[in-house]
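Notes for the one structure printed next.
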Amino acid sequence: MQKTIITVVGQDTVGIIAKVCTYLANNKVNILDISQTIVQGYFNMMMVADTADSPKEIGELSNELAQIGDEIGVAIRCQHEDIFNKMHRI
Amino acid sequence: MINIFEVNETNKMIEQENLDVRTITLGISLMDCIDSDLETLNKKVYDKITTVAKDLVKTGKDIENKYGIPIVNKRISITPMALIGGAACRTPEDYVTLAKTLDNAAKTVGVNFIGGYSALVSKGMTTSDELLIRSIPQALACTDRVCSSINVGSTKCGINMDAVKLMGEIVHETAEYTKENDSIGCAKLVVFCNAPDDNPFMAGAFHGVTEADAIINVGVSGPGVVKVALEKVRGENFEVLCETIKKTAFKITRVGQLVAQEASKRLGIPFGIIDLSLAPTPAIGDSVAGILEEIGLEYAGAPGTTAALALLNDQVKKGGVMASSYVGGLSGAFIPVSEDQGMIDAVEAGALSLEKLEAMTCVCSVGLDMIAIPGDTKETTISGIIADEMAIGMINQKTTAVRLIPVIGKGVGERVEFGGLLGYAPIMPVNQYSCDAFVNRGGRIPAPIHSFKN
């Protein structure tokens, strides 16, 4: 298990989740949890995913997701969960 | 499980508040390169650095991608060169060949600075130390990435006033050698008291003789994050203020710890320390002076500045210490003038003088840093400023440093542009009264009474 946090922030539009999920499925990334809110009209989604079986390194996934984000006008980040665990848990 | 608000908080720090890991610095011992033949020594130094550090920059980038946190600089520190070159160098020019080798090695592995063109002379200078010191102006003029530091005093040994006098001359000469570029050589030259062996920050980084063969030291930053956190507690009392700084420093440092451990694992090099510093950059919102203003000062330099900086420095340490298994280096708040927009504004508004900066160095983590002074400042005056700063370090058992830039051809009221992380600075007035007779006495200032603790 290699838990990765994927966040999507931007203007709400049709098909954001579909695009991201299709990409993840094609790259053998398993989605464990999704939470989503709309903050001040902005779409705000967080996914917890397992990238252990993906043939791609997290850096590559991160770059490609960022590109997909650019295409649909949202910011997509893909980060190893440790940065959040370290910062928010003792 | 981590929730969406925590994730958003972290990412907001990175995206909007300039949270970053300021530097991964790889310390490399060059002790095993020592040779009495200059050419062989140069080759050994180049080979060792380019072998040990060959994956440093790539590893830094991989870690950036994995965690989504910028790692701004990848750097190298080496054993003080005066210890390495002693057997081979007979003239200052011999040392300059070593500086060029360091510069080439830095360029080959892709790091932006290499520190350790240094000598430790707090009690006395060996011939080798003096040759290195005399080679500094030329060495810094003919290289781009080499940084030099000289330790001229310590609480245990006192202050080597002969070295202080010499460094006044060397700072001035370095300015002359690089006068075509606004005397930028001086931005790469620091004079220290109580220099730490494991400092990852430039220009003062070197790999101390007490260190292992190679070590990873990481410097964290994030003045912008502290400032934004303090915006939410405006008007609250000092207890709330201090708690907020402490918690924020903890979070920032944890990221540094994560990056340091990951870098150590990937490179197969032991983790040394985290340097818990608030290091500003000229970017808007990345300013230590901005924090002081948020604490309640109209400008950095206003009455209350020293107290505000003292509490900031202390709370950063208290929060950071628990977040990392080893802390070291300089650890605290940096107050460079040219690298901090808020400090530049304070100088231009007339709120901040050299004398107030000196008072601030009693409680900050380092010293008089990146301060541009008139190019016609006397060498003895520079030595006098260095001596004052070294005395503060010696008596208070803390690291102090001086990085002054006498800008040749420019005077008070003019401005100097260094570019990039080094920023720009207004030229500050210096006290015009003479200290010639004091500086010219020669010899050493003895160690203070409280150094005798045995």
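Here the protein sequences line up with chains A and B, keeping their order.
Read left to right, the first sequence gives residues 80 to 169 (my numbering).
Read left to right, the second sequence gives residues 5 to 458 (my numbering).
Cβ coordinates follow ideal geometry from the N, Cα and C atoms, glycine included.
Take the alpha-carbon of B/I118 and the one of B/R258: they are about 26 Å apart.
Nearest C-alpha to B/V115 among B/R149, B/K48, B/R419 and B/G128: B/R149.
As the crow flies, the alpha-carbon of B/D392 is around 15 Å from that of B/S357. CA-CA distance, A/I117 to A/N123, rounds to 6 Å.
Between B/V195 and B/I154, the beta carbon gap of about 5 Å places them in contact (Cβ cut-off 8 Å). Taking 7 Å as the cut-off, the Cβ atoms of B/E173 and B/P141 do not count as close. In summary, B/L106 is buried, with 16 or more beta-carbon neighbours lying within 10 Å of its beta-carbon over all protein chains present. DSSP, reduced to helix, strand and coil, places A/H159 within a strand of the structure shown.
The Cβ atoms of A/K82 and A/N106 do not sit closer than 7 Å to each other. If you look at B/G172, you'll find it in the alpha helix (DSSP H) that goes M165 to Y181.
Taking the Cα positions, B/G371 is about 29 Å away from B/L60.
Closest in alpha carbon position to B/L316, among B/E19, B/I53, B/S281 and B/K127, is B/S281. Around the beta carbon of B/P200, 16 or more other beta carbons sit within 10 angstroms, so the residue counts as buried. Residue pairing of B/E421 in beta bridges, as defined by DSSP: B/Y428. Per DSSP, the beta bridge partners of B/K78 are B/I28.
Contact annotation for A/K165 against chain B: R258, V259, Q261 and L262 [CB-CB distance below 8 Å, chain order].
At least one CB of chain B lies nearer than 7 Å to the CB of A/T86. Under the three-state reduction of DSSP, B/Q319 is assigned to helix.
CA-to-CA, the gap between B/T182 and B/I409 works out to about 11 Å.
By the criterion of at least three beta-carbon pairs nearer than 8 Å, the stretch 145 to 160 of chain A is not in contact with the stretch 42 to 62 of chain B. Between B/I396 and B/T404, the CB-CB gap stays under 7 Å. The beta-bridge partner set that DSSP reports for A/G89 consists of A/F122 and A/V153. In terms of Cβ geometry, B/C146 and B/M206 do not form a close pair [threshold 7 Å]. In terms of Cα proximity to B/E418, the closest of B/I377, B/P450 and B/M398 is B/I377. Secondary structure at B/N116: coil, using DSSP grouped into helix, strand and coil. Contact between the stretch 221 to 236 of chain B and the stretch 291 to 306 of chain B is present: 3 or more CB-CB pairs across the two stretches fall below 8 Å.
For B/K16, not one C-beta of chain A is nearer than 7 Å to its own C-beta. Contact annotation for A/I162 against chain B: T14, Y71, G72, I73, V259 and L262 [CB-CB distance below 8 Å, chain order]. At a cut-off of 7 Å between C-beta atoms, B/V11 counts as an interface residue with respect to chain A. Contact check between the stretch 92 to 109 of chain B and the stretch 63 to 77 of chain B: fewer than three CB pairs, one atom from each, fall below 8 Å, which does not count as touching.
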